[in-house]
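Residue numbers (the working numbering), protein chains in the order written: chain A, 8 to 206; chain B, 8 to 206.
Just below is one structure, and these are the notes that go with it.
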DNA sequence: CACGGCGGTTAGCGAGCGTTAACCTGCCCT
DNA sequence: AGGGCAGGTTAACGCTCGCTAACCGCCGTG
């Protein structure tokens, strides 16, 4: 199940193009006229759909952070409800994150590059969502690797996020193996990196 | 041996502060007046030392890319000259990169965030240096893990860079364990992630 | 059939930015 | 003693950018 279908409303279309452009050239590097042009309207027409440029970035970042957290919670919940081992919950978290990283590359890029271009209030909200997502991982990692101290678990999780988010940053993604191969590779690496943290 | 001593010339002082500010708020998010203020002079005085704002970013990115590549080459060279196993060359590469990531956090951040704010010519130069550094790693990884296909080796190396570069991106680095612990942790994780790539 | 609002248009404003100009001061060197 | 240059200063320019204003056509509805 892909997380984002092709846009049906003009709003979604704008968000889609804005995320692409922001990821390519940075929030400050893209003008509103450019975003408008990308959807076939021009400049100020965007203000019929959004309060301003900031509002677009806010909506994108809150959206992806929420989806990451909620998706993670759901996966852990499901694994627990089915009585499966914590290690399976962890693998599910990894798979879910990989799907995100490979299918919503632009959003992942924004997510860890443009956070501090947000107005204070929104930034706090996004950071809270991100923190909850991290803590969810830390919880599950500590269940599967009980000898790992909490601060190291958190650092290890951050490192694995860096690993999983590496491919969207590639300037020439065509150099990658096909999707399935890349996904499997990242999965193996993430799992091993977390296991190695404990030693 | 740290890579960058405390600045003695005004030029170095400016570069130091500029890198800090660029890393914190992004290249477009920092004004020249602000950079000037950070070193106690104001605005246009910077033009006595640099051709422009772009030139500062260029010098920072070319500098760090060169140092990464040259340091990597030196380490591999040394290991080979001493007749040590490829696995030791790999571990030396990992250690060197970790030193960079932990000691020059701001530069590492710029290095993979602000590359495309560079004028075309400089960007090409930096990308070439980065590519050479990556290929150096890929070479060594393929010696230590011969069954790993080249494209997957390259993807695995990129992923490990993401892992190693994760800590500089942390907004609150105080949450990390102490330096030695963090370095050891990252080293274990990177090594394991590369080994797991082969399977 | 009028009409209201949705979603566009172009013109233009005001702020902030990088950069240049013009000027000044102290130090080194002969 | 004097002159030049290194390294500052402030003023100002011009451009870009986000955003607002003013206007307009289409379409669904009472």
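Here a beta-carbon is modelled for each residue, glycine too, at the ideal position from N, C-alpha and C.
Inter-residue Cα distance where the pair is residue i and residue j
i, j, result
"residue 19 (chain B)", "residue 200 (chain A)", "37 Å"
"residue 9 (chain A)", "residue 50 (chain A)", "Confidence in residue 9 (chain A) is poor, its pLDDT being 41 and thus under 50, which makes the residue's placement unreliable; the coordinate value appears in the next sentence. In a straight line, the C-alpha of residue 9 (chain A) is about 30 Å away from that of residue 50 (chain A)."
"residue 105 (chain B)", "residue 58 (chain A)", "43 Å"
"residue 149 (chain A)", "residue 204 (chain B)", "24 Å"
"residue 202 (chain A)", "residue 116 (chain A)", "26 Å"
"residue 158 (chain B)", "residue 184 (chain A)", "6 Å"
"residue 88 (chain A)", "residue 81 (chain A)", "10 Å"
"residue 124 (chain B)", "residue 95 (chain A)", "42 Å"
"residue 67 (chain A)", "residue 15 (chain B)", "44 Å"
"residue 182 (chain B)", "residue 156 (chain A)", "13 Å"
"residue 164 (chain A)", "residue 52 (chain B)", "44 Å"
"residue 26 (chain A)", "residue 86 (chain B)", "45 Å"
"residue 180 (chain A)", "residue 162 (chain B)", "10 Å"
"residue 28 (chain B)", "residue 143 (chain B)", "31 Å"
"residue 206 (chain B)", "residue 17 (chain B)", "51 Å"
"residue 73 (chain A)", "residue 126 (chain B)", "36 Å"
"residue 13 (chain B)", "residue 139 (chain A)", "38 Å"
"residue 33 (chain A)", "residue 154 (chain A)", "41 Å"
"residue 134 (chain A)", "residue 41 (chain B)", "26 Å"
"residue 191 (chain A)", "residue 191 (chain B)", "26 Å"
"residue 132 (chain A)", "residue 48 (chain B)", "37 Å"
Supposed contact pair residue j and residue i - C-beta distance, whole angstroms, cut 8 Å
i, j, result
"residue 196 (chain B)", "residue 177 (chain B)", "Contact flag wrong, Cβ pair sits at about 15 Å."
"residue 175 (chain A)", "residue 108 (chain A)", "6 Å"
"residue 100 (chain A)", "residue 83 (chain A)", "7 Å"
"residue 193 (chain A)", "residue 166 (chain B)", "6 Å"
"residue 36 (chain A)", "residue 35 (chain B)", "6 Å"
"residue 128 (chain A)", "residue 145 (chain A)", "Not confirmed; about 26 Å, so no contact."
Residues that residue i contacts on chain A, provided the C-beta gap is smaller than 9 Å
i, result
"residue 180 (chain B)", "Those within 9 Å of residue 180 (chain B) in chain A number zero; the least Cβ separation is about 10 Å."
"residue 123 (chain B)", "31, 32, 33, 36, 178"
Listed by chain order, chain A residues near residue i by CB distance under 7 Å
i, result
"residue 103 (chain B)", "Here the premise fails: no neighbours, minimum Cβ distance about 17 Å."
"residue 184 (chain B)", "158, 159, 162"
Given residue i as reference, the closest of the options once Cα atoms are compared
i, options, result
"residue 189 (chain B)", "B:204, B:34, B:173", "B:173"
"residue 187 (chain A)", "A:46, A:55, A:31, A:110", "A:110"
"residue 76 (chain B)", "B:89, B:16, B:103, B:185", "B:103"
"residue 71 (chain B)", "B:157, B:137, B:131", "B:137"
"residue 112 (chain B)", "B:159, B:30, B:17, B:198", "B:30"
"residue 69 (chain B)", "B:206, B:142, B:149, B:121", "B:121"
"residue 216 (chain B)", "B:62, B:167, B:35, B:32", "Residue 216 (chain B) falls outside the range modelled here, since chain B spans only 8 to 206, and no answer is possible."
"residue 55 (chain A)", "A:43, A:64, A:162", "A:43"
"residue 168 (chain A)", "A:78, A:13, A:133, A:119", "A:119"
"residue 39 (chain B)", "B:47, B:24, B:27, B:60", "B:60"
"residue 46 (chain B)", "B:23, B:139, B:126", "B:23"
"residue 141 (chain A)", "A:79, A:35, A:206", "A:79"
"residue 97 (chain A)", "A:74, A:135, A:147, A:134", "A:147"
"residue 152 (chain B)", "B:32, B:198, B:28", "B:198"
Under 8 Å from the C-beta of residue i: neighbouring residues of chain A
i, result
"residue 188 (chain B)", "159"
"residue 152 (chain B)", "In chain order: nothing, as chain A lies at least about 12 Å away."
"residue 168 (chain B)", "173"
"residue 208 (chain B)", "The structure shown has nothing for residue 208 (chain B), since chain B only spans 8 to 206."
"residue 56 (chain B)", "Here the premise fails: no neighbours, minimum Cβ distance about 24 Å."
"residue 75 (chain B)", "Within 8 Å Cβ-Cβ: nothing; residue 75 (chain B) doesn't reach chain A, min ~16 Å."
"residue 192 (chain B)", "159, 162, 163, 166, 204"
Chain-ordered neighbours of residue i on chain B, where CB pairs are closer than 8 Å
i, result
"residue 107 (chain A)", "Chain B residues near residue 107 (chain A): none, gap ~15 Å exceeds 8 Å."
"residue 20 (chain A)", "The premise fails here: residue 20 (chain A) is roughly 24 Å from chain B at the closest Cβ pair, so nothing lies under 8 Å."
Chain-ordered chain B contacts of residue i [CB-CB under 9 Å]
i, result
"residue 25 (chain A)", "What residue 25 (chain A) touches in chain B: nothing, since even the nearest Cβ is about 16 Å away."
Chain B contact residues for residue i, given Cβ-Cβ distances below 7 Å
i, result
"residue 119 (chain A)", "176"
"residue 196 (chain A)", "163, 166, 200, 203, 204"
Distance cut-off 6 Å: residue i Cβ against heavy atoms of the ligand ATP
i, result
"residue 74 (chain B)", "In terms of ligand content, the structure shown is empty, and the ligand ATP therefore cannot be addressed."
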